[in-house]
Amino acid sequence: MSSDRFKGKGVLISGGAGGLGSEIARRFVAEGANIGIMDTNEVAIQTLVSELSKTGAKVAGAKVDVRDSQDVTKAVDQLAKNIGTVDILVAAAGGSLGTPRDLDDISDDDFDLVIDVNVKGTFNCARAVIPHLKKSNGGSIITFSSIGGRSASPVTGVPYATAKAAILGLTRRLAKEVGEFNIRVNAIAPGLFLTDRLEGMFEKMSKSEQDEVINAIPLKRMPRLQECVEPVLFLASNESSYITGTVLDVNGGRLMAN
Ligand SMILES: NC(=O)c1ccc[n+]([C@@H]2O[C@H](COP(=O)([O-])OP(=O)(O)OC[C@H]3O[C@@H](n4cnc5c(N)ncnc54)[C@H](O)[C@@H]3O)[C@@H](O)[C@H]2O)c1
């Protein structure tokens, strides 16, 4: 399915070469957007940029570590030039980044890495993008929390829970600050989505462990990646024009928060 919902809009995606980020990029392009990809994975950036450029959209990539605020600002400014305008930021760079789950195994560096990429990275990208959104007379920022930041997850550890909860505070406070510029800021909090990286992990689990995961989900099935992508596009679109400072849980009912 393709449409012109985002025709001529500029979208920057941090972590845009990753499992969810790349699917989000494909969907935006299918709906008319131009895309700037920010990621540390240069090979994956190049592969995605060359794939998406074939559609005729303006597509550019920048290898950048979101922890470095100066590099992020440079990358955002360059990508804005490349694709013409910036109207939307999807701040998806993050994850537990291979760090251990259990307290005794977590080093100081592990904790710093997870906080810095997820929280500081989201802040750095948002702060660098806001002047561009003001120039566009408004826009939408979508941050990535997680079910692991909304409740105590059995899968991820304290650093990830801390980071993904912090992103909710960041989202609300930023939404308050930039609302007067017609800039909306909302978080998405996915449950488990089996990207290529996580699919291997899930397949290695025993049938009974897999059943346990699925039985905890009222919808009784794992989601398709598109079922995370569509809610992100909803928060980016005018269909959510009066929604800001909120979090959208996308977890099949596994967590029903107040
Ligand atoms: N997949 C899930 O089940 C799930 C669930 C809840 C939340 N999330 C969140 O969704 C977001 C995307 O997750 P994903 O599953 O696509 O992960 P992923 O690992 O496939 O993609 C993350 C991308 O971020 C990039 N990245 C990592 N560190 C970076 C840095 N310092 N600077 C710039 N880029 C960096 C990686 O290279 C990768 O391309 C993450 O924030 C994650 O925490 C994912």
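Counted the way numbering that gives the first Met the number 0 counts, the sequence shown spans residues 0 to 257. The C-beta atom is built at its ideal place from N, Cα and C for all residues, glycine as well. Nothing here was measured: the structure is a model prediction, and the numbers come from that model.
Could you say if the region 1-14 and the region 118-131 meet the contact criterion of at least three C-beta pairs nearer than 8 Å? These segments touch.
Can you determine whether any heavy atom of ligand 1 sits closer than 7 Å to the C-beta of F180, and answer yes or no? Result no, Cβ not under 7 Å from ligand 1.
What would DSSP say about I216, mapped onto helix, strand or coil? coil
Assuming D38 and G17 are in contact, meaning their beta carbons sit under 8 Å apart, how far apart are those beta carbons, in whole angstroms? 7 Å
Cutoff 6 Å; reference L247; Cβ partners in own chain excluding five residues on either side: I187, P230
Which whole-angstrom value describes the C-beta separation of P189 and I242, a residue pair presumed to lie in contact below a C-beta threshold of 8 Å? That belief does not hold up - the Cβ atoms of P189 and I242 are roughly 17 Å apart, past 8 Å.
Coil, strand or helix - T54 by DSSP: coil
Can you list, in chain order, the residues of its chain whose CB lies under 7 Å from that of K163, leaving out five sequence neighbours each side? N117, S144, S145, G147, G148
Delimiting residues of the beta strand (DSSP E) encompassing T142: 138-143
Should the region 101-115 be called in touch with the region 26-40, which here means at least 3 C-beta pairs below 8 Å? no
Count the other C-beta atoms from every protein chain shown that fall within 10 angstroms of the C-beta of K80, then say buried if there are 16 or more, exposed otherwise. exposed
Are the beta-carbon atoms belonging to E22 and V228 less than 8 Å from one another? yes
How about A32 and A56: do their beta carbons lie closer than 8 Å? Against a cut-off of 8 Å, the Cβ pair of A56 and A32 comes out as a contact.
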